[in-house]
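The structure appears right after this line, and notes come after that.
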Amino acid sequence: MQKLGIIGTNWITGQFVEAARTAEAFELTAVYSRTAAKAQQFRTDYEAGAAQDYTDLATFFIAGDFATVYIASPNSLHFEQAKQALEAGKNVIVEKPAFSNPTEMATIQAILKDRPDQFLFEAARHVHEANFKIAQAAIQNLPTINGATLAYMKYSSRYDAVLAGEEPNIFSRHFSGGALQDLGVYVVYDAVSWFGAPESVDYQAEILPTGVDGKGVATLHYADFDVTLIFGKTVDSYLNSEIYSGQTTIVLDNAGTIGTVSRYENDGAQKTALGQAPLANPMVAEATIFAEIIANRDTKRYHELLQLSQTVNQVVYQLRQSAGIVFDAD
Numbered sequence: 040m041q042k043l044g045i046i047g048t049n050w051i052t053g054q055f056v057e058a059a060r061t062a063e064a065f066e067l068t069a070v071y072s073r074t075a076a077k078a079q080q081f082r083t084d085y086e087a088g089a090a091q092d093y094t095d096l097a098t099f100f101i102a103g104d105f106a107t108v109y110i111a112s113p114n115s116l117h118f119e120q121a122k123q124a125l126e127a128g129k130n131v132i133v134e135k136p137a138f139s140n141p142t143e144m145a146t147i148q149a150i151l152k153d154r155p156d157q158f159l160f161e162a163a164r165h166v167h168e169a170n171f172k173i174a175q176a177a178i179q180n181l182p183t184i185n186g187a188t189l190a191y192m193k194y195s196s197r198y199d200a201v202l203a204g205e206e207p208n209i210f211s212r213h214f215s216g217g218a219l220q221d222l223g224v225y226v227v228y229d230a231v232s233w234f235g236a237p238e239s240v241d242y243q244a245e246i247l248p249t250g251v252d253g254k255g256v257a258t259l260h261y262a263d264f265d266v267t268l269i270f271g272k273t274v275d276s277y278l279n280s281e282i283y284s285g286q287t288t289i290v291l292d293n294a295g296t297i298g299t300v301s302r303y304e305n306d307g308a309q310k311t312a313l314g315q316a317p318l319a320n321p322m323v324a325e326a327t328i329f330a331e332i333i334a335n336r337d338t339k340r341y342h343e344l345l346q347l348s349q350t351v352n353q354v355v356y357q358l359r360q361s362a363g364i365v366f367d368a369d
């Protein structure tokens with residue numbers, strides 16, 4: 040297994056570490072946290088007693104025994120930490136959204152151009168899962184596309200703090216937060232992967248007192264159809280997602296997690312189940328694929344993912360501009 044360092048000791052980091060272990064892809068050898076107690080607790084919780092703890096980021100990159108770092112810090116910190124990692128000779132897996140804007144993305148790409156032996160991945164885990172690829176194949180087999188509605192809305196426990204007058208990181212423009220930057224990234228990845236880059240976009244957002252979006256509806260305009268994106272972190276939704284092609288409709292139970300995929304035809308009289316049962320840990324597929332690309336030096340597959348990440352970054356930025364949402368990182 041490849042040696043892995045982590046930045047961030049939250050639940051999503053733990054899920055990735057467990058996925059990497061299940062996939063026999065990465066072995067945790069270094070933990071960075073601002074506090075030693077949190078790093079030690081993380082190692083205990085995830086049975087990584089042999090890993091080394093660091094509370095200084097520069098020392099972590101210089102002394103840490105790892106080749107790849109997984110970054111799951113607040114969104115606004117991704118850019119500087121990824122830049123520092125690349126300059127230290129590390130491969131990078133950075134949680135979505137990778138970067139706050141296209142300027143940060145362009146800077147990272149310039150660094151990568153000078154370091155062709157290193158890799159940077161955006162951890163948009165669902166695009167690597169089986170049901171995402173099953174849905175993609177079904178869409179590609181449709182004779183025409185007449186549009187789509189893609190939805191992912193889930194109430195955030197941190198929204199209670201906003202209602203109490205506080206400003207948690209995920210709902211703060213200082214930390215590049217908001218619904219679009221979180222759940223919205225999933226449905227933008229769906230649309231760009233399945234239909235390509237849109238010709239234009241607009242976003243009608245519900246702006247919170249913290250200055251970021253809590254939920255909203257975005258429209259991606261293509262030459263012959265529109266794609267509607269519905270996402271948010273202030274409510275729960277159980278709305279199906281659909282891709283339309285005349286009398287045929289591909290239906291997903293959720294455009295972010297994609298637990299089921301079905302095809303409806305003949306006025307709904309004919310339903311065909313296309314998907315498969317998802318894995319217990321949704322990050323196993325991405326951990327496996329990232330490790331394979333690094334080990335095999337699969338630059339073709341890697342650059343396809345990097346280009347997808349760049350396009351998603353551009354579309355998310357355009358949507359944010361449409362809604363008038365400005366981050367400190369801008």
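Per our numbering, the very first residue in the sequence shown carries number 40; after that it's consecutive.
C-beta atoms are modelled at their ideal positions from N, C-alpha and C, and glycine is treated no differently.
For residue j and residue i, the rounded distance between their alpha carbons
{"i": "M144", "j": "N352", "result": "8 angstroms"}
{"i": "A111", "j": "A308", "result": "45 angstroms"}
{"i": "A203", "j": "G216", "result": "18 angstroms"}
{"i": "A87", "j": "A330", "result": "19 angstroms"}
{"i": "A173", "j": "A312", "result": "In the sequence on display, residue 173 carries Ile and not Ala. Distance between the alpha carbons of I173 and A312: 11 angstroms."}
{"i": "T188", "j": "K254", "result": "15 angstroms"}
{"i": "Q346", "j": "V231", "result": "11 angstroms"}
{"i": "Y356", "j": "H260", "result": "15 angstroms"}
{"i": "F81", "j": "Q349", "result": "32 angstroms"}
{"i": "I45", "j": "E57", "result": "13 angstroms"}
{"i": "E304", "j": "T288", "result": "7 angstroms"}
{"i": "A218", "j": "Y93", "result": "31 angstroms"}
{"i": "L125", "j": "Y341", "result": "16 angstroms"}
{"i": "D263", "j": "W233", "result": "15 angstroms"}
{"i": "A97", "j": "D104", "result": "13 angstroms"}
{"i": "Y228", "j": "P317", "result": "19 angstroms"}
{"i": "T258", "j": "V354", "result": "11 angstroms"}
{"i": "Y71", "j": "A121", "result": "14 angstroms"}
{"i": "Q123", "j": "V256", "result": "36 angstroms"}
{"i": "P321", "j": "R302", "result": "23 angstroms"}
{"i": "N114", "j": "P207", "result": "12 angstroms"}
{"i": "L247", "j": "V201", "result": "8 angstroms"}
Beta-carbon spacing of residue i, residue j below 8 angstroms
{"i": "I147", "j": "A127", "result": "no"}
{"i": "V300", "j": "G285", "result": "no"}
{"i": "A319", "j": "F65", "result": "no"}
{"i": "I178", "j": "I282", "result": "yes"}
{"i": "A69", "j": "F99", "result": "yes"}
{"i": "T61", "j": "V323", "result": "yes"}
{"i": "G186", "j": "D265", "result": "yes"}
{"i": "T107", "j": "L67", "result": "no"}
Which listed residue (the options) has its alpha carbon closest to that of residue i
{"i": "A368", "options": "T142, L313, R164 and V290", "result": "T142"}
{"i": "H117", "options": "D84, V131 and T107", "result": "V131"}
{"i": "E205", "options": "R302, T249 and K152", "result": "T249"}
{"i": "L151", "options": "S139, T338, K310 and Y191", "result": "T338"}
{"i": "V375", "options": "D306, G53, T296 and A257", "result": "A question about residue 375 goes unanswered here, because the residues of the chain that appear run from 40 up to 369."}
{"i": "Y109", "options": "D153, Q79, A162 and R73", "result": "A162"}
{"i": "Q41", "options": "D199, K129 and N114", "result": "K129"}
{"i": "A78", "options": "R154, A106 and G53", "result": "G53"}
{"i": "R380", "options": "F55, K310, I328 and N49", "result": "Because the chain in this structure spans residues 40 to 369, residue 380 falls outside the shown range and cannot be described."}
{"i": "D95", "options": "S115, I246 and G47", "result": "G47"}
Opening and closing residue of the alpha helix (DSSP H) in which residue i lies
{"i": "K193", "result": "Unbroken run through K193: none, as it is neither H nor E."}
{"i": "E126", "result": "H117 to E126"}
{"i": "Q54", "result": "W50 to T61"}
{"i": "E343", "result": "T338 to A362"}
{"i": "E206", "result": "Counting along the chain, E206 falls outside any alpha helix (DSSP H), and DSSP gives it neither H nor E."}
Boundaries of the beta strand (DSSP E) in which residue i is found, first to last residue
{"i": "S72", "result": "Careful: S72 lies outside any beta strand (DSSP E) and carries neither H nor E."}
{"i": "D92", "result": "Q91 to Y93"}
{"i": "L159", "result": "L159 to A162"}
{"i": "Y225", "result": "Careful: Y225 lies outside any beta strand (DSSP E), inside the alpha helix (DSSP H) at L222 to F234."}
{"i": "L268", "result": "D265 to G271"}
{"i": "Q41", "result": "Q41 to I46"}
beta-carbon residue i near the ligand PLP non-hydrogen atom, thresh 7 angstroms
{"i": "A58", "result": "Inclusion of the ligand PLP in the displayed structure is not the case, the ligand content being empty and no account of it being possible."}
Within-8 angstroms CB hit, residue i to chain C
{"i": "Y93", "result": "Any reference to chain C falls outside this structure, which holds one protein chain only."}
* **Given 8 angstroms, three or more beta-carbon pairs between the region 176-192 and the region 207-215** => Too few Cβ pairs lie closer than 8 angstroms, so no.
* Does the region 132-146 touch the region 214-231, meaning 3 or more C-beta pairs lie closer than 8 angstroms? -> By the C-beta criterion, the region 214-231 is judged to be in contact with the region 132-146, since at least 3 inter-stretch pairs fall below 8 angstroms.
* Pair every Cβ in the region 356-368 with every Cβ in the region 231-244, then say whether three or more of these pairs are closer than 8 angstroms. => Taking a contact to require three or more Cβ pairs closer than 8 angstroms, the region 356-368 and the region 231-244 qualify as touching.
* Are there three or more Cβ pairs, one per stretch, closer than 8 angstroms when the region 195-204 is compared with the region 263-282? -> Remark: three or more beta-carbon pairs, one from each stretch, lie closer than 8 angstroms, so the region 195-204 and the region 263-282 are flagged as touching.
* Count the C-beta pairs between the region 231-239 and the region 284-297 that are closer than 8 angstroms, then say yes if the count reaches three, no if not. => With fewer than three CB-CB distances shorter than 8 angstroms, the region 231-239 does not count as touching the region 284-297.
* Asked: Three or more C-beta pairs closer than 8 angstroms, one from the region 324-339 and one from the region 158-178: is that the case here?
  -> Counting Cβ pairs under 8 angstroms, three or more are found: they touch.
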